[in-house]
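Worksheet: one structure, shown below.
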Amino acid sequence: ETRFPHSLGLFYSAFTYYLGFKVNSAEYKVMGLAPYGQPTYYDKVRETIEWKPDGSFRLNTEYFDFLHGLRMTNERFHRLFGGPPRQPETRLTQREFDIAASVQKVTDEIMVALGRHIRKETGMRYLCMAGGVALNCVANAKVLEQTEFEDVWVQPAAGDAGGALGAAFYFWNSVCGKPRTFRMDHAYWGPEYSEEECRAYLDSMQARYRRLEPQELVKEVARLISQGDVVGWFQGRMEFGPRALGSRSILADARDPKMKDTLNMKIKFREGFRPFAPSVTQEAANEFFEMNKLKASPFMLFVANVRADKRVIPSVTHVDGSARLQTVERDLNPLYHELISEFGRQTGVPVIINTSFNVRGEPIVCTPADAYRCFMRTNMDHLVVGPFLMDKMEQPPWQESGDWRKEFALD
2 ETRFPHSLGL FYSAFTYYLG FKVNSAEYKV MGLAPYGQPT YYDKVRETIE
52 WKPDGSFRLN TEYFDFLHGL RMTNERFHRL FGGPPRQPET RLTQREFDIA
102 ASVQKVTDEI MVALGRHIRK ETGMRYLCMA GGVALNCVAN AKVLEQTEFE
152 DVWVQPAAGD AGGALGAAFY FWNSVCGKPR TFRMDHAYWG PEYSEEECRA
202 YLDSMQARYR RLEPQELVKE VARLISQGDV VGWFQGRMEF GPRALGSRSI
252 LADARDPKMK DTLNMKIKFR EGFRPFAPSV TQEAANEFFE MNKLKASPFM
302 LFVANVRADK RVIPSVTHVD GSARLQTVER DLNPLYHELI SEFGRQTGVP
352 VIINTSFNVR GEPIVCTPAD AYRCFMRTNM DHLVVGPFLM DKMEQPPWQE
402 SGDWRKEFAL D
C-alpha cells in the first residue's frame, strides 16, 4: 500500500501538466511524445521521486503542489526543469521531447522493479494490473518482458471507470458471498443498437445507404480501405474503456505513409506527433510484430516492435519502430476479424489502422446519431452502421448552427 500523495499516477500527471497537456486526460500524449526525445533529464526527474530496489517509492513533495489550487508543480519544480510549464497548444520543442522521454524511462524502471519484487515475494506466475498507470502500454510491455511473470493481464477499463466494475464484483463476492466465475476476455459491454433502430435514425436524417450482407460488407469495406478511403465503423456493443477495439472505430490503410497525417489533420484534428494503432488478426500478429512473451493484445494495452522485414505499415509504426497493437480473435469479434482477414486477402497485409471513432476532445461515439454526426462533420469518406454502408458524397447537406468544435474542451 502506498498512500497519497505518493502515487505514480500523480507523478506522471504532474509532468503531463508541466508539458502543457490536460491532466487525467492526456497522459497518453506524454507516452507518445517520449520516443521523439532522449532521457537527458533523467537525473532531474529522479530528484522528484525516490525509489528502492523493491520498487517502493515516495514523491519528493518539495517539488509538487497537489494540495494547493489547480497547479500540480511549484516554483522549485520549475527551476529544476528550467522554466515555467509549457502553455497548452504552443509549439513543442526538443526540451519537451526529452523531458517526456526521461519521465517515461523512470516510470518504466519503477514498474519493472515493482513487478520483480511482487514476483519474488509471491511466486505467482501471472500478474493482473489496473489503475490509470496501467494504461501506459509502453511500461506494460517492459513489465511483461523484463520480469519473470509468464503473462500480464491489464483491465481494459483500467482507469477510474473500471472502479464501477470492481465495486460490483466486490459486492457480489464479498457481501453476497457469490463465487468468482466471470472471465473478462473481451471489452464489448457497452450499449448496442438493433438494425431497426439504426435504420430508423438514418431514415430520419434522410441518409442514403446500401444494406449489405456480412460477406458483401467486409469485401466492400476492405476494398474501400485499400484504395485509400477512411471508414467509420459502428458495430455491436460499444467498448468498455478508453480504447476503440473494432466496435466504434475509424479504419484506414496502414500501408499508406500519408494516412497518419491525413487522419490527424482532416479527421481527428489532433497533434501530428501522436501515433495510430494497428489492428491485426491474432493469427498474423507474430508475422508482423515482435511478440516475444506477448501472447495477445486484445485491449490495445501493450506495444511491440514492428518486424524489420515488415515495415510496410508506416502509418502505425511509431518513430521508435513500435506499435500499440490490438490483436483480434475470430471468436471474440467475428465480423471485425473477417474484415481484417479480407483486407489481408486483397492486399497481403492483414493489418489496418484502428483509431477511436471521435475527434479530439470528444468522447467516443456511442449511438447511431453520434456516429452519423461525427461522419458528417469530418472528412471521413464512408460510414458503416450495422449492415448499412454510406458514401459521404451521396449524403444530404449537413446543417447545424454554431461551431461544433467548441462543444468539448480539447484534451
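This note's numbering runs 1 ahead of the 1-based position in the sequence shown.
By construction, the Cβ of each residue, glycine as well, lies at the ideal position given by its N, Cα and C atoms.
Keep in mind it's a predicted model, so treat the numbers as computed, not measured.
Asked	Found
DSSP state of P40 mapped onto helix, strand, coil	coil
Proximity of F270 and R374 at Cβ, strictly below 8 Å	no
Reference P397; option with closest CA among L93, F376, T148	F376
Test item: CB-CB of A142 and T108 under 8 Å	no
Sequence-distant residues of the same chain with beta carbon closer than 7 Å to N174, five excluded per side	R181
For N359, the three-state DSSP class (helix, strand or coil)	coil
Three-pair Cβ contact test at 8 Å for the region 264 to 280 versus the region 243 to 255	yes
DSSP three-state assignment for S327, whether helix, strand or coil	Note that residue 327 is Gln in the sequence shown here, rather than Ser. Q327: strand per DSSP, three-state reduction.
Distance between Q327 and P157 (C-alpha atoms, nearest Å)	12 Å
V317, buried or exposed, once every other Cβ within 10 Å from all chains shown has been counted against 16	buried
For V153 and V352, the rounded distance between their alpha carbons	24 Å
Start-end ranges of the alpha helix (DSSP H) lying completely within the region 40 to 93, minimum 4 residues	43 to 48, 76 to 81
Rounded Cβ spacing between D55 and A114 (contact assumed at less than 8 Å)	7 Å
For W190, the nearest candidate out of E240, V219, K30 (CA to CA)	E240
Per-residue burial, E339 [other beta carbons within 10 Å of its own, 16 or more giving buried]	buried
Where A253 sits in the DSSP three-state scheme	strand
C-alpha distance - S8 paired with Q400, whole-angstrom precision	47 Å
Contacts around E48, its chain only, beta-carbon distance under 7 Å, and the 5 residues preceding and following it disregarded	N61, L81
Span of the alpha helix (DSSP H) around C138	138 to 147
Straight-line gap, L295 to R184 (C-alpha atoms, nearest Å)	19 Å
Of the listed residues C138, V104, T148, K106, nearest to R120 (C-alpha basis)	T148
Residues that H383 bridges to, as DSSP identifies them	V232, D392
Backbone CA spacing between Y194 and Q236 [nearest angstrom]	9 Å
CA-to-CA distance, G387 to C199, given in whole angstroms	7 Å
Closest residue to A188 among P299, R4, E90, D332 (Cα-Cα distance)	P299
L384 beta carbon less than 8 Å from that of A372	yes
Selection from A286, S26, I226, V144 that minimises the alpha carbon distance to T348	I226
Alpha-carbon to alpha-carbon, D382 and M394	8 Å
Three-state secondary structure (DSSP) of W173	helix
DSSP bridge partner residues for S280 (one or two, in chain order)	Q327, I353
Per DSSP, the bridge partner or partners of F1	As shown, the chain starts at 2 and ends at 412. That puts residue 1 outside it, with no answer to give.
Counted within 10 angstroms of its Cβ, other Cβ atoms place E151 as buried (16 or more) or exposed	exposed
For N306 and A297, the rounded distance between their alpha carbons	14 Å
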